[in-house]
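Student:
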Ligand code: SAH
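In the working numbering, the protein residues as written are 417 to 686.
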């Protein structure tokens with residue numbers, strides 16, 4: 417769907433929309449996009465049918481149905497050129513593959529910008545790209561503080577550089593590997609952001625204690641049964657001594673971070 421009703425100047429409210437539990441994921445998207453004021457993700461993509469994808473499941477899906485956030489897709493194909501709606505062409509200078517055209521992507525980004533605040537801190541405009549700044553929890557937190565975000569999903573060899581320069585689009589990477597398209601990267605990043613929005617997780621404290629919230633990895637977790645395959649839960653966890661539990665968890669988090677992520681350990685903030 418291409419409706420762009422914008423959240424500019426609107427207060428961050430999280431009004432609920434009555435939607436039937438029988439709505440299919442794609443119907444949820446169009447229903448919630450009518451809701452003003454909720455945190456909004458706008459996806460520019462050749463494959464709108466990829467959304468909401470896994471974001472339609474579990475906590476993120478429930479939050480989408482409740483209107484705690486909204487998802488709008490803008491179909492790149494709709495801005496294609498000519499009878500065949502061409503969106504790509506061969507790379508200038510030669511070489512393999514195809515490049516998404518600046519005029520096509522530019523028109524889609526114009527549509528995505530309707531009603532959004534001009535300050536990129538309030539509404540980041542991001543191209544999913546293996547050349548980008550690596551996505552992390554701090555970025556997820558910053559994006560969750562904004563009113564919404566526009567995510568441009570590339571395909572083929574990527575997009576014409578001029579459109580990235582012209583719109584001052586920020587490039588962000590899911591990691592040091594190459595995907596065939598930006599859609600999975602967009603879903604991964606949106607999942608990380610949406611779970612930080614107010615009301616999405618049942619237990620707000622769980623976003624403060626988990627991995628990467630204080631520059632440390634999380635301590636190991638255990639649950640019943642008390643003994644499994646001869647392995648016991650560490651005794652301190654069943655001791656009922658909360659101070660001892662907290663101390664053990666902290667020590668384990670530090671041990672795991674030191675062992676597995678010396679890079680995080682070197683720049684930890686807590
Ligand atoms: N030729 C490009 C890769 C294109 S991959 C290069 O070498 O840099 C096709 C699309 O997949 C990209 O336009 C981008 O939107 C997406 N993509 C691929 N890898 C990604 C990653 N690590 N993070 C985010 N998006 C990625």
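Every residue gets a Cβ at the ideal spot worked out from N, C-alpha and C, and that includes glycine. Quick caveat: nothing in here was measured; it's all calculated off a predicted structure.
Can you give me the C-alpha to C-alpha distance between residue 516 and residue 492, rounded to a whole angstrom?
Tutor: As a working note, residue 516 is residue 100 in the chain shown. As a working note, residue 492 is residue 76 in the chain shown. Cα to Cα, the separation comes out at about 10 angstroms.
Student: Quick one: is residue 571 buried, meaning 16 or more other Cβ sit within 10 Å of its Cβ, or exposed?
Tutor: Start at 1 with the first residue of the chain shown, and residue 571 comes out as number 155. Per the 10 Å Cβ criterion, buried.
Student: Let me confirm a value: residue 458 is counted as buried when at least 16 other C-beta atoms fall within 10 Å, else exposed. Which label applies?
Tutor: Translated into positions along the chain shown, residue 458 becomes position 42. Buried: at least 16 other Cβ atoms inside 10 Å.
Student: How is residue 634 classed by DSSP in three states: helix, strand or coil?
Tutor: For the purposes of this step, residue 634 is taken as the residue at position 218 of the chain shown. Reduced to three states, the DSSP call for residue 634 is coil.
Student: Give the straight-line distance between the Cα atoms of residue 495 and residue 524, rounded to the nearest whole angstrom.
Tutor: The residue given as residue 495 occupies position 79 in the chain shown. The residue given as residue 524 occupies position 108 in the chain shown. Their Cα atoms are separated by approximately 7 angstroms.
Student: Do residue 518 and residue 460 come within 7 angstroms of each other at the CB atom, strictly closer than that value?
Tutor: For the purposes of this step, residue 460 is taken as residue 44 along the chain shown, with counting starting at 1. For the purposes of this step, residue 518 is taken as residue 102 along the chain shown, with counting starting at 1. Not a contact, by the Cβ cut-off of 7 angstroms.
Student: Considering Cα atoms alone, identify which of 502, 522 and 628 is closest to residue 684.
Tutor: Against the chain shown, residue 684 aligns to sequence position 268. It is 628.
Student: Fully enclosed by the region 580-668, which beta strand (DSSP E) runs are 3 residues long or longer?
Tutor: Qualifying beta strand (DSSP E) stretches, in chain order: 586-589.
Student: Since residue 529 is in the alpha helix (DSSP H), which residue starts that stretch and which ends it?
Tutor: On the chain shown, position 113 is the one that residue 529 refers to. It spans 518-529 - the alpha helix (DSSP H) in which residue 529 sits, taken as one unbroken run.
Student: Express the C-alpha separation of residue 631 and residue 675 in angstroms, rounding to a whole number.
Tutor: Here residue 675 refers to the residue found at position 259 of the chain shown. Here residue 631 refers to the residue found at position 215 of the chain shown. Distance between the alpha carbons of residue 675 and residue 631: 14 angstroms.
Student: Would you check whether ligand 2 has a heavy atom nearer than 6 angstroms to the C-beta of residue 594?
Tutor: In terms of ligand content, the structure shown lacks ligand 2 and carries ligand 1 instead.
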